[in-house]
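Report on the following structure.
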Amino acid sequence: MGWLGRDLNPRITDWAGRWVWLVGASSGIGRALAEALHRRGARVIVSARQAAALQDFARAHPGSLALPLDVTDADAVQQAAARVAEAAGGAPALVLFCAGHYKAQSATAFDLAEMQRHLAVNYQGALHLLDAVLPLLLSAGRGHLSLVGSVAGYRGLPMSLAYGPTKAALNNLAESLYLDLRPRGLGVSIVNPGFVETPLTAQNAFRMPALITPEQAAEAMLQGWAQGRFEMNFPRRFTRWVRLLRGLPDAWYFALVRRATGV
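Residue numbering for the sequence shown follows my numbering, beginning at 958 and increasing consecutively.
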């Protein structure tokens, strides 16, 4: 079934008693996934900058652990990984990077500080996490590493000058990680959502087609891991068409996007 994108990773269907570390879990997809995994019996460690939101989650979900963290601080990520290893007794079954920053930006209003902020959170934050957890996972010879990208990383889009390139980088990073780590017994996946109702997308002034809830996104991710997928993109009624755009000739792609967005 590998040609369908399934069984590229070990299937994860039983979460009971398994430790998971979700980085970027104070709201949106990360929070919904934390709740879904807790319902399935996982021992959930939630990290993000919003300490109060994490503590609220931990109080409402017995057995979970709140670990406030800023992914742009490499030393703090190392210290957090050490606490995760101590709590889990080694490598967790799943490490998810879901931290993200988004602000619409165009080249006609170029903002270097915003460009760098996107890079620091969305990509360098992932590198900080990899630096901290890869030794744990490689030593254990098991575990799953997952990165949350976006369909905005497939090809360039209007107003996505800062956000899209960081998500494209995560897609490429995940593919390289898979080639290096899968032979070592580790699972690797990339999650590319379409429009999900989160605090990040709430700032969009345009109509978002096929908008789904964070809870629906979480269920799609759990289904993807249960099927051993490398890439998860959803909702399929939207993302299947976006994926097809990657194969269009450049002239066709640019003309289609201009027509669809009015730019």
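Note that CB positions come from ideal geometry on N, CA and C, so glycine has one too.
Please read these numbers as outputs of a predicted model, since none were measured by experiment.
Residue environment, residue i, which counts as buried when at least 16 other CB atoms sit within 10 Å
| i | result |
| --- | --- |
| R1216 | exposed |
| G1219 | exposed |
| A1066 | exposed |
| T1196 | buried |
| A1017 | exposed |
| G1204 | exposed |
| P1150 | buried |
| G998 | exposed |
| L1011 | buried |
| A1208 | exposed |
| N1190 | buried |
| S1063 | exposed |
| W1198 | exposed |
Reduced DSSP secondary structure (H/G/I, E/B, other) of residue i
| i | result |
| --- | --- |
| S1004 | strand |
| W978 | strand |
| A1048 | coil |
| V1028 | coil |
| P1150 | strand |
| W960 | In this prediction, W960 has a pLDDT of 49, which is less than 50 and means its spatial position is unreliable; what the coordinates show is noted afterwards. The answer is helix: DSSP assigns W960 an H, G or I state. |
| S983 | coil |
| N1190 | strand |
| L1213 | helix |
| L1022 | strand |
| K1124 | helix |
Contact under 8 Å by Cβ, residue i with residue j
| i | j | result |
| --- | --- | --- |
| A989 | A1125 | no |
| A1109 | E1071 | no |
| V1148 | V1078 | no |
| L1086 | V980 | yes |
| L1127 | A1083 | yes |
| S1021 | V1001 | yes |
| R1141 | G1098 | yes |
| N966 | G1100 | no |
| E1176 | A993 | yes |
| Q1228 | T1029 | Any property of residue 1228 remains undetermined from this structure, which presents the chain solely from 958 to 1220. |
| I969 | P1171 | no |
| Y1135 | F1054 | no |
| A1015 | A1005 | no |
| A1044 | W976 | yes |
| W978 | V1041 | yes |
Those residues which DSSP pairs with residue i across a bridge
| i | result |
| --- | --- |
| Q1062 | S1117 |
| H1101 | L1051, G1144 |
Integer Cβ distance of residue i from residue j, believed to fall under 8 Å
| i | j | result |
| --- | --- | --- |
| A1038 | L1102 | With a Cβ gap of about 12 Å, A1038 and L1102 do not count as contacting. |
| Y1111 | L1168 | Going by Cβ atoms, the distance from Y1111 to L1168 rounds to 18 Å, so no, they are not a contact pair. |
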